[in-house]
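This report concerns only the one structure given below.
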Amino acid sequence: MIVGFFAAFISIFIGGTFGVLAGFYGGRIENFLMRFTDLMLVIPDLPLIVIFVALTKPSLWNIILVIGLLGWTTTARIVRSQTLAVKSRKFVLRARAIGAGNWHIILHHILPLVMPI
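Position 7 of the sequence shown, counted from 1, bears residue number 1116 in our numbering, the numbering being contiguous throughout.
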């Protein structure tokens, strides 16, 4: 139970961060983050797990780390698509029009709608 909880937390944190940043900023940042995500999707998980286990001593935290670091790609894609949908809504455009900064928009307007996913 501990493995699943912490691995899911790591996966959601990394995937959510990549997805929100890629969806909100777009351009080169989105291109770089999504190509890195594609690269991680293409590399098979099993060889990476075997290499990681061979290089480190076996422990519960290493298992959590491996599962968390290899499971974030799908989360990043889903969060990115939702961020793109929320970013174009009128309340975000109005917040930008009154001078709200990027981090304010991300934290107060985008994340509350994307987090339930």
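Ideal Cβ positions, reconstructed from N, Cα and C, are used throughout, including at glycine.
* With DSSP run on the structure shown, which of helix, strand or coil describes residue 1198? -> Locating residue 1198 in the sequence shown gives position 89, where the first residue counts as 1. In the structure shown, residue 1198 sits in coil (DSSP, three-state: anything other than H, G, I, E or B).
* To do: Could you tell me the boundaries of the alpha helix (DSSP H) in which residue 1146 lies?
  => Along the sequence shown, one-based indexing puts residue 1146 at 37. It spans 1136–1151 - the alpha helix (DSSP H) in which residue 1146 sits, taken as one unbroken run.
* If we count the other Cβ atoms within 10 Å of its Cβ and call it buried at 16 or more, is residue 1166 buried or exposed? -> As a first step, residue 1166 must be located in the sequence shown, where it is residue number 57. By the neighbour-count criterion, in which 16 or more other beta carbons inside 10 Å mark a residue as buried, residue 1166 falls on the exposed side.
* Can you list, in chain order, the stretches of the alpha helix (DSSP H) that have 4 or more residues and sit fully within the stretch 1155–1195? -> Segments of the alpha helix (DSSP H) lying fully in the stretch 1155–1195: 1169–1179.
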